[in-house]
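First to last, the sequence lines map onto chains A and B.
When you line the first sequence up against this note's numbering, it's residues 58 to 199, in that order.
When you line the second sequence up against this note's numbering, it's residues 579 to 864, in that order.
Okay, so here's the structure we're looking at.
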Amino acid sequence: MLSELQRVLVEALRRPHPEGYLRAVCDDDAVPLTADERRWLLGAHGENVCRAHVRNVRGAHGKNVCGAHGDGLRMSRVLVRKLRLQRLLRGDPGAARELQRDEVAFAARFAAYDRDVPPTALFPADEARLYRDYLARASDEP
Amino acid sequence: MTRPLLGVALQPDEVFWRHNRALIERAELFEVTPETLWDARCEPTEGHERLRRFVQQSGRPCVGHGVLASIGATERPARRDRWLGALRRDAEQFGCRWLSEHLGFADAGGLHVAWPLPLPVTDEAVDVVAASLRELRAACDVVLFENNADLFCLGDPLAQPELFARICDAADAHMLLDLHNAYAFCRNVGVALEAFLERLPWARVREIHLSGGSESDPELLPSRRSLRLDSHDGAVPEEVWAAFGSALPRAVGLQAVVCEWFPDAMDDAAARQFAADFERARTMLC
Chain A
58 MLSELQRVLV EALRRPHPEG YLRAVCDDDA VPLTADERRW LLGAHGENVC RAHVRNVRGA
118 HGKNVCGAHG DGLRMSRVLV RKLRLQRLLR GDPGAARELQ RDEVAFAARF AAYDRDVPPT
178 ALFPADEARL YRDYLARASD EP
Chain B
579 MTRPLLGVAL QPDEVFWRHN RALIERAELF EVTPETLWDA RCEPTEGHER LRRFVQQSGR
639 PCVGHGVLAS IGATERPARR DRWLGALRRD AEQFGCRWLS EHLGFADAGG LHVAWPLPLP
699 VTDEAVDVVA ASLRELRAAC DVVLFENNAD LFCLGDPLAQ PELFARICDA ADAHMLLDLH
759 NAYAFCRNVG VALEAFLERL PWARVREIHL SGGSESDPEL LPSRRSLRLD SHDGAVPEEV
819 WAAFGSALPR AVGLQAVVCE WFPDAMDDAA ARQFAADFER ARTMLC
């Protein structure tokens, strides 16, 4: 089912190890994915991909997931997080100031925010609202 | 036959304008990205009015381009109707000859990742994209979709052109062929660019994007591999120029070539390179 494949992929990009998550999902028979969709999610690429390329990038990655595929998933995760950070900094001058003031503390706060708050915003203003709500909730906690 | 128009993607950013005034004057066509001119309610921002006035006063043709309509999403995004309404308004206000959208999906399970992700080559994917493009046609009669610089692929990478062709047929749509995206995709997934290009539905290619990109930092991946990124912040690579040269006789319905450079990386040196790439494209078109 394409809708399930899309849901699983988006969820994978929220995980520190997207390919490990996909491997677990594809091992679960209860997940409504076709056999082809499982193979694709695990990086089955067909015979057109240059063998040398696959050999070169396979590296230290685990079995089942082609290295190129795993690298691509990981880099997609990096870009998705980077875009989220950019949205936040554009939408919230306070966050931009926090970053200027203490880069390490801000990075830790953003990582926690990204982990705890699912990405739903498209525009900077929406991302800023989510972030402010998150900070308010966090400051209310004992 | 008249040659394709050579255009520039206008960015709503003061830095971009300051560095590229002369180039913008030489452009024969403009491309605008309406969603970059909206607030969170899809209402026009100040930049929208400035850009609209400029395009109108220039008297030059304009086309619209989008990234985040998520035309491949099986779950119709909640914003879709509002989004289409705003696109319809802007297509009219800017006098867009056509609207293009990136292929792929950025929404699933109620989440939004702001990055169009790849689709597999299936009947279902064709149907979903075709339905979205038919909806988009309510905003503008002519609709295109753009190939992405995907970092991974679901299935055989050389089957992707088949997906493009099937979408064109199912939706009576056209392609915006981004040559740097094609180059980046082929490099990232390990297939030959020429093998990818020769499978494309060339008769449906109406617009070409020319841009550069960058290599990802090897420190970002445990494998220390670099991937090619669609960052629009560098010179057009020689491989892309070669692909452009081979594309011109193939794309018999080509109407526009648009040069792109993002404002984040714009400075004097970047502007000189951008202008040089523009002139090289003009020489190849003439």
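For each residue, glycine too, the CB sits at the ideal point set by N, CA and C.
Only a predicted model underlies this, so the values are computations on that prediction, with no experimental measurement involved.
Asked, Found
"Anticipated Cβ contact below 8 Å, B/V645 with B/E621, distance rounded", "With 8 Å as the limit, B/V645 and B/E621 do not qualify as a contact, their Cβ atoms being about 19 Å apart."
"Among B/V699, B/A692 and B/A703, the one whose alpha carbon lies nearest that of A/F180", "B/A692"
"Member of B/H643, B/P696, B/E838 and B/E653 whose CA lies at the smallest distance from the CA of B/A546", "Beyond the ends of chain B as shown, which are 579 and 864, falls residue 546 of chain B; an answer cannot be given."
"Local Cβ density within 10 Å of B/T611, reported as buried at 16 or more and exposed below that", "buried"
"Beta-carbon spacing of B/L863, B/P582 below 8 Å", "yes"
"Inter-residue CB distance, B/F852 and B/L601 (contact presumed, cutoff 8 Å)", "6 Å"
"Chain A contact residues for B/W819, given Cβ-Cβ distances below 9 Å", "Neighbours of B/W819 on chain A: none; closest Cβ ~23 Å, over 9 Å."
"Pairwise C-alpha distance: B/R638 and B/A834", "13 Å"
"Where the region 758 to 788 of chain B meets chain A: residues whose CB sits under 8 Å from a CB there", "N766, V767, G768, V769, A770 and A773"
"Nearest candidate by alpha-carbon position, reference B/E817, set B/G673, B/F763 and B/A669", "B/F763"
"Assigned exposure category for B/E713 - 16 Cβ within 10 Å defines buried", "buried"
"Distance between A/D197 and B/L681 (C-alpha atoms, nearest Å)", "42 Å"
"Under the three-state DSSP convention, the category A/L98 falls into", "helix"
"DSSP-derived helix/strand/coil call for B/W693", "strand"
"Limits of the unbroken beta strand (DSSP E) element including B/L678", "The residue you asked about is not Leu; residue 678 of chain B is Ser in the sequence shown. Per DSSP, B/S678 belongs to the beta strand (DSSP E) from C674 to H680."
"Which listed residue (B/E627, B/R619, B/S636 and B/A618) has its alpha carbon closest to that of B/R599", "B/S636"
"Nearest-angstrom Cα separation, counted from B/T700 out to B/G688", "23 Å"
"Neighbour flag for A/V114 against chain B, beta carbons, 8 Å", "Confidence in A/V114 is poor, its pLDDT being 46 and thus under 50, which makes the residue's placement unreliable; the coordinate value appears in the next sentence. Answer yes: the Cβ-Cβ gap between A/V114 and chain B drops below 8 Å somewhere."
"Whole runs of the alpha helix (DSSP H) within the region 143 to 181 of chain A, excluding any shorter than 4 residues", "150 to 158 and 160 to 173"
"Within-8 Å CB hit, A/A92 to chain B", "no"
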